[in-house]
Amino acid sequence: MNFYSYGKLLITGEYLVLDGAEAFALPLSCGQSLNYKEIDNNLIKWTSYDMNNHIWFNTIIDNDKLEIIESSDYSVSKKLNKILKSIRNHNSNFLKKNGCEIKTKLNFDKEWGLGSSSTLISNLSSLANVDPYIILNETFGGSGYDIACSRVNYPLIYSLKKGKRLIQKTKFNPPFIDNLFFIYLNKKQDSRGEILNYSKLKVSNSDIEKVSSISKKISITNNQKQFNSLLDSHEQILSSILKRMTVKSELFSDFEGSIKNLGAWGGDFILSSSEFNPSKYFIDKGFNKVFTFKEMVNSTNFDYL
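In this text, residue positions in the sequence shown follow my numbering: the first is 131, and each later residue adds one.
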């Protein structure tokens, strides 16, 4: 049995999506696969491959008690076990009747923050036929937008309203799409720690409404100047709430165009929008992972094109 889930990028609504703001998110062309095969013993033999097809993690788990027998990295095994136990709480037969070999493969760097955990939860939940949002809540937490992205091939507006998820299909194919680039900031941000820090802050309904409005406008605009203005406005709102400098002010103040943090501030990816190819600019500053929009998102996968 084979399963595949898409990675994700949160374009707008970071942090505030937890408080009901509407967020604009994109499923990516990259993701994670999972292959399941039954074997004749009482073990779960697990092997994880990275984007270069090298084994980065393996473990052997007793499938009856879900106890770790061997592991190349016990901290990773403990996180995996937490997911497996959560799933078994909702499907008592999950990986229990037979032994199995499970192989996972990422086709993006696991340090990039593009959804190595959410795609794993999505794939395992599909294997077990359980609700991935419940498993996410019981393990890593978060809004669930990453789970939503893992299972669709279209841009979406995601929100939590009175405890219920609202997922609205939208379109994003502006004429300036070739002027949009994603740049990796050379470090992975601790999203859980960032969420914890954010939870201590006070956020006004006005800010939530402003971000929701930006999310909807930015997903449909065909004007790059308006798009850039919306990016800048979003950055200023979050800067004021978080009491932190925008990434452009901090690192790229001389950039001719707009730059926006994506997801938890301080790491992972940023989005740039300008009238020129910014690759040399960012590479000269030491940021060598520069991707076009279509390289990351591969919008040809979107089912409306």
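Just so you know, even glycine gets a beta-carbon here, dropped at the ideal spot from N, CA and C. Note that this is a predicted model, so its numbers are computed, not measured.
ask   = How about PHE270 and SER289: do their beta carbons lie closer than 8 Å?
value = Not closer than 8 Å, so no.
key: Close beta carbons around THR189, own chain, < 6 Å, minus the five adjacent residues each side   = Here the set comprises TRP176, SER201, SER207.
query = Can you name the residues that DSSP bridges to LYS424?
reply = In the DSSP output, where bridge partners are listed per residue, LYS424 has none listed.
ask   = Touching or not, the segment 410-425 and the segment 299-310, by the rule of three or more beta carbon pairs under 8 Å?
value = Contact holds: three or more Cβ-Cβ distances are below 8 Å.
ask   = To the nearest whole angstrom, what separates the beta carbons of GLU365 and THR351, a pair I think is in contact under 8 Å?
value = Not a contact, Cβ separation roughly 16 Å.
task = Assign PHE406 to buried or exposed, taking buried as 16 or more other Cβ atoms, counted over all protein chains shown, within 10 Å of its Cβ.
result = Classification for PHE406: exposed.
query = Comparing the CB of THR376 with every heavy atom of the ligand FMN, is any distance shorter than 7 Å?
reply = You won't find the ligand FMN in this model; it holds no ligand whatsoever.
key: Beta-bridge partners of GLY229, as assigned by DSSP   = Per DSSP, ILE169.
request  = Can you have a look at ILE185 and say buried or exposed, based on whether 16 or more other CB atoms are within 10 angstroms of its CB?
outcome  = Answer is exposed; the Cβ neighbour count stays below 16.
Nearest-angstrom Cα separation, counted from GLU241 out to ASP384 = Each residue's alpha carbon lies about 28 Å from the other.
Bridge partner(s) assigned by DSSP for ARG295 = Note: ARG295 sits in a beta bridge opposite LEU290.
inquiry  = Looking at the strands, I want to know which residues DSSP matches up with PHE187.
reply    = Beta-bridge analysis with DSSP links PHE187 to SER178.
message = Starting from LYS212, trace the alpha helix (DSSP H) in both directions and tell me its first and last residue.
response = Element bounds for LYS212: 204-220.
inquiry  = Using only the alpha-carbon positions, how far apart do LEU244 and PHE238 sit?
reply    = Straight-line Cα distance between these residues: approximately 8 Å.
Cβ distance (whole Å) where ASN171 is taken to contact GLY229 below 8 Å = Confirmed, about 4 Å.
Helix, strand or coil at THR300 [DSSP, three-state] = In the structure shown, THR300 sits in coil (DSSP, three-state: anything other than H, G, I, E or B).
query = Apart from the five residues on each side of it in sequence, which residues of its chain come closer than 7 Å, Cβ to Cβ, to GLY137?
reply = Counting only Cβ-Cβ distances below 7 Å, and skipping sequence neighbours, we find LEU158, CYS160, GLY161, PHE238, LEU244, GLY245, THR249.
message = So LEU371 and VAL333 are supposed to be a Cβ contact under 8 Å. How far apart are they, rounded?
response = Note that residue 371 is Ile in the sequence shown here, rather than Leu. About 6 Å separates the beta carbons of ILE371 and VAL333, which is inside the 8 Å limit, making them a contact pair.
inquiry  = Does the segment 132-147 come into contact with the segment 393-404, if we say contact requires no fewer than three beta-carbon pairs (one atom in each stretch) closer than 8 Å?
reply    = The segment 132-147 vs the segment 393-404: in contact.
query = Near MET181, what residues of its chain come up, given a Cβ to Cβ distance below 7 Å and the 5 sequence neighbours on each side ignored?
reply = Hits under 7 Å: LEU236, ASN237, PHE238, ASP239.
ask   = Are there 16 or more other CB atoms within 10 angstroms of the CB of LEU225, so buried, or fewer, so exposed?
value = Answer is buried; the Cβ neighbour count reaches 16.
ask   = Among the residues of its own chain, which have a CB less than 6 Å from the CB of PHE302, if the five just before and after it don't count?
value = Here the set comprises PRO285, SER349.
ask   = Excluding five sequence neighbours on each side, which residues of the same chain lie with their C-beta closer than 6 Å to the C-beta of TYR145?
value = These residues qualify, in order along the chain: TYR328.
ask   = Going along the chain, which residues of its own chain have a beta-carbon closer than 7 Å to the beta-carbon of LYS347, five neighbours each way excluded?
value = Apart from sequence neighbours up to five positions away, the residues of its chain that approach LYS347 with a beta-carbon distance below 7 Å are LEU360, ordered along the chain.
query = Taking the runs of the beta strand (DSSP E) that are 3 residues or longer, which of them lie wholly in the segment 362-431?
reply = The segment 362-431 contains these whole beta strand (DSSP E) runs: 388-391, 399-403, 420-422.
query = Taking just the CA atoms, how far does ILE265 sit from ALA278?
reply = If I take the Cα positions, the gap works out to 13 Å.
task = Quick one: residues in its chain with C-beta nearer than 8 Å to the C-beta of SER409, no 5 flanking neighbours on either side, listed in chain order?
result = Taken in chain order, the residues that qualify are PHE311, VAL420.
task = Would you identify the three-state DSSP class for ALA258, choosing helix, strand or coil?
result = DSSP places ALA258 in helix when its eight states are reduced to three.
key: Cβ-based neighbour list, SER135, same chain, cut-off 7 Å, excluding 5 preceding and 5 following   = Taken in chain order, the residues that qualify are GLY161, GLN162, THR249, SER252, ASN253, SER280, ARG281.
CA nearest to the CA of ILE325, picked from GLY272, LYS415, ASN183 = Among GLY272, LYS415, ASN183, the Cα nearest to that of ILE325 is on GLY272.
message = Here's the rule: buried if 16 or more other CB atoms are within 10 angstroms of the residue's CB, otherwise exposed. What is SER178?
response = Counting every other CB atom within 10 Å of its CB across the protein chains shown gives SER178 a total of 16 or more, marking it as buried.
key: Proximal residues to GLY416 (C-beta, below 6 Å), its chain only, five neighbours per side dropped   = In its chain, beyond the 5 residues on either side, no residue has a beta carbon closer than 6 Å to the beta carbon of GLY416.
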